[in-house]
Amino acid sequence: MTSHDSQTTSPEAFALVPSLVLVGTAICAGFVVAIIAGLVSGTRIHHVSPWQVNLVQLAFYVGIGAVLVPALPRVAGRSLEDLGLRAPRGRQLLWGLLGAPVMLIVTSIIGAVLTALYGQHEQAALRMLPSFNTPGLFITFAFVAAIAAPFFEELFFRGLIFNALAKRFAFWPAAALSGLAFALAHGDVWALMPLWGVGLCLAYIYSRSRSLWASMLTHSLFNSVSLIAISLKDHLHP
Numbered sequence: 007m008t009s010h011d012s013q014t015t016s017p018e019a020f021a022l023v024p025s026l027v028l029v030g031t032a033i034c035a036g037f038v039v040a041i042i043a044g045l046v047s048g049t050r051i052h053h054v055s056p057w058q059v060n061l062v063q064l065a066f067y068v069g070i071g072a073v074l075v076p077a078l079p080r081v082a083g084r085s086l087e088d089l090g091l092r093a094p095r096g097r098q099l100l101w102g103l104l105g106a107p108v109m110l111i112v113t114s115i116i117g118a119v120l121t122a123l124y125g126q127h128e129q130a131a132l133r134m135l136p137s138f139n140t141p142g143l144f145i146t147f148a149f150v151a152a153i154a155a156p157f158f159e160e161l162f163f164r165g166l167i168f169n170a171l172a173k174r175f176a177f178w179p180a181a182a183l184s185g186l187a188f189a190l191a192h193g194d195v196w197a198l199m200p201l202w203g204v205g206l207c208l209a210y211i212y213s214r215s216r217s218l219w220a221s222m223l224t225h226s227l228f229n230s231v232s233l234i235a236i237s238l239k240d241h242l243h244p
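Counting in this note's numbering, the sequence shown runs from 7 upward without gaps.
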């Protein structure tokens with residue numbers, strides 16, 4: 007399979023320096039907005055309440071999006087629609103729907119192997135879940151996990167990083183490198199391999215469907231099912 011570069015419209019598209027600058031600027035903007043949100047909400051480093059966690063996470067995504075949405079088309083040399091944000095067709099939605107169970111199977115296999123080798127280790131993000139113990143907190147956490155994270159992470163990791171790599175490498179190296187960046191960004195060493203598998207699957211879905219909506223849908227369904235499963239587990243085994 008070839009890389010996802012057939013839609014590149016000019017030699018300047020995803021040039022190295024502008025791509026790196028956009029990656030750095032988007033990340034910095036995310037941190038700046040998150041820090042501002044934390045300061046305004048009275049967040050303290052050693053004591054962060056659940057609602058402040060939700061606020062800071064959402065602010066981080068908003069900061070990234072505020073840079074990516076206007077700047078990505080310039081770096082890519084084509085519109086957001088051409089990058090994959092055009093209204094999805096049925097086939098593209100099907101990719102998104104079918105991708106979720108495949109991704110769950112892939113991560114379950116990786117997780118089972120890691121558990122057999124190293125024992126059980128719960129993801130850091132999931133350890134926070136019991137603290138979101140009111141309807142408002144849980145709904146906000148679910149919104150961040152199932153809506154905000156899939157949208158902004160797909161725009162950043164597949165729309166920008168994967169496409170920039172796919173201009174220079176074949177599909178699998180581009181998918182592997184962007185998937186590794188995706189996994190490392192979550193900052194959880196025990197979840198590194200499963201999240202790398204997630205990144206690979208999402209790059210494949212995006213490349214085959216040519217739709218960011220498809221990978222966003224898969225990402226959203228994956229996060230939603232994971233959240234529901236953990237919630238049910240905690241409810242049945244308090």
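Even for Gly, the Cβ is constructed at its ideal location relative to N, Cα and C.
None of the values given here were measured: they were computed from a predicted structure.
Whole-angstrom C-beta distance between R164 and Y212, which should lie under 8 Å: 5 Å
Closest by C-alpha distance to G90, when choosing among L161, S232, H225 and S16: L161
C-beta atoms of P200 and I115 nearer than 7 Å: no
Inter-residue spacing [alpha-carbon to alpha-carbon] between R97 and R216: 10 Å
Simplified DSSP state of H127, which is helix, strand or coil: H127: coil per DSSP, three-state reduction.
Which of helix, strand or coil DSSP assigns to R50: strand
Through-space distance from Q58 to S47, alpha-carbon basis: 7 Å
With 16 other Cβ atoms within 10 Å as the buried cut-off, status of E18: exposed
Span of the alpha helix (DSSP H), counted from its first residue to its last, around T146: P141 to F149
Own chain, CB closer than 7 Å to L120, minus 5 neighbours either side, in chain order: Cβ neighbours of L120 beyond the five flanking positions: M199.
Opening and closing residue of the alpha helix (DSSP H) in which P56 lies: P56 to A82
I234 burial status per 10 Å Cβ neighbour count (16 or more: buried): exposed
Distance CB(A43)-CB(L74) smaller than 7 Å: no
Contact check, P56 vs S137, beta carbons under 7 Å: yes
7 Å Cβ cutoff met for A118 and F228: No, they are not a contact pair.
Residues near G205 by beta carbon distance below 8 Å, same chain, minus five either side: Residues F163, A181, S184, G185, L186, A187, F188 and A189 of the same chain have their beta carbon placed closer than 8 Å to that of G205, with the five preceding and five following residues left out of the count.
Straight-line gap, K173 to L166 (C-alpha atoms, nearest Å): C-alpha separation (whole angstroms): 11 Å.
E325, DSSP secondary structure in three states: No answer is possible for residue 325: the residues shown for the chain start at 7 and end at 244.
Sequence ranges, alpha helix (DSSP H) only - wholly within the stretch 158-187, length at least 4: 169-172
Contacts around V81, its chain only, beta-carbon distance under 7 Å, and the 5 residues preceding and following it disregarded: F20, P24, S25 and L28
Local Cβ density within 10 Å of T224, reported as buried at 16 or more and exposed below that: In the assembly as shown, T224 is a buried residue. Its beta-carbon has 16 or more other beta-carbons within 10 Å.
Anticipated Cβ contact below 8 Å, F158 with I41, distance rounded: 17 Å between Cβ atoms; not a contact.
6 Å Cβ shell around W219 - same chain, five flanking residues per side excluded: Result list for W219: P94, in chain order.
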